[in-house]
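Encoded as structure tokens, the structure appears first; notes follow it.
In UniProt numbering, the protein residues as written are 1 to 108.
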């Protein structure tokens with residue numbers, strides 16, 4: 001499924017879905033969705049996202065450095081919120097605020 005989505009093969013994606021592949025289960029892990037965002041073709045949103053991740057250090061037409069930070073869903077949510085306006089709410093907590101399972105157990 002990942003290869004079909006990244007390779008822009010809508011017919012293959014349709015075939016997989018018709019044969020029982022569950023999109024919800026496929027996207028169950030945050031890393032899968034982050035990898036899909038990382039494989040977006042060059043576009044305005046990806047440039048803005050890369051700039052946000054690098055702290056505004058990327059200029060138009062410039063590729064992000066290979067050692068660039070990994071895309072997180074909080075980065076994506078922040079950029080979507082920036083594009084749509086402040087009337088939207090962020091869907092994901094920034095990773096610096098995420099709690100581990102151990103932290104949750106200690107808090108309870």
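Beta carbons: idealized from backbone N, C-alpha and C, even for Gly. Small disclaimer: the values here were computed from a predicted structure and weren't measured.
Checklist entry - Helix, strand or coil: how does DSSP classify residue 21 here? => result Indexing the chain shown from 1 puts residue 21 at position 21. Looking at residue 21 - three-state DSSP - the assignment turns out to be coil, as it is neither helix nor strand.
Item to check | CA-to-CA distance, residue 26 to residue 82, given in whole angstroms | outcome: Residue numbering aside, residue 82 sits at position 82 when the chain shown is read from its first letter. Residue numbering aside, residue 26 sits at position 26 when the chain shown is read from its first letter. Their backbone Cα atoms lie some 27 Å apart in a straight line.
Checklist entry - Out of curiosity, what's the CA-to-CA distance linking residue 16 and residue 38? => result Within the chain shown, the letter at position 16 stands for residue 16. Within the chain shown, the letter at position 38 stands for residue 38. Straight-line Cα distance between these residues: approximately 22 Å.
Checklist entry - What residues in its chain sit with their C-beta under 7 Å from that of residue 67, if we drop five residues either side in the sequence? => result Position 67 of the chain shown, counted from the first residue, corresponds to residue 67. Since pLDDT at residue 67 reaches only 44, below the 50 mark, its modelled position is unreliable, and no value is offered.
Checklist entry - Grouping DSSP H, G and I as helix and E and B as strand, with all else coil, what is residue 27? => result Translated into the one-based positions of the chain shown, residue 27 becomes position 27. Three-state result, residue 27: coil.
Item to check | For residue 19 and residue 77, the rounded distance between their alpha carbons | outcome: Taking the first residue of the chain shown as 1, we reach residue 77 at position 77. Taking the first residue of the chain shown as 1, we reach residue 19 at position 19. Each residue's alpha carbon lies about 31 Å from the other.
Checklist entry - Looking at residue 73 and residue 46, is the spacing between their C-beta atoms short of 8 Å? => result On the chain shown, residue 46 is found 46 positions in, with the first residue counted as 1. On the chain shown, residue 73 is found 73 positions in, with the first residue counted as 1. Going by C-beta atoms, residue 46 is not nearer than 8 Å to residue 73.
Item to check | Any non-hydrogen atom of the ligand NAP within 7 Å of residue 72 CB | outcome: Only the bare structure without any ligand can be found here, which leaves the ligand NAP out of the picture.
Next on the checklist: Counting C-beta neighbours from all protein chains within 10 Å, is the total for residue 29 16 or more, i.e. buried, or is it exposed?
Outcome noted: In the chain shown, the residue the question calls residue 29 occupies position 29. Exposed, by the Cβ-count rule.
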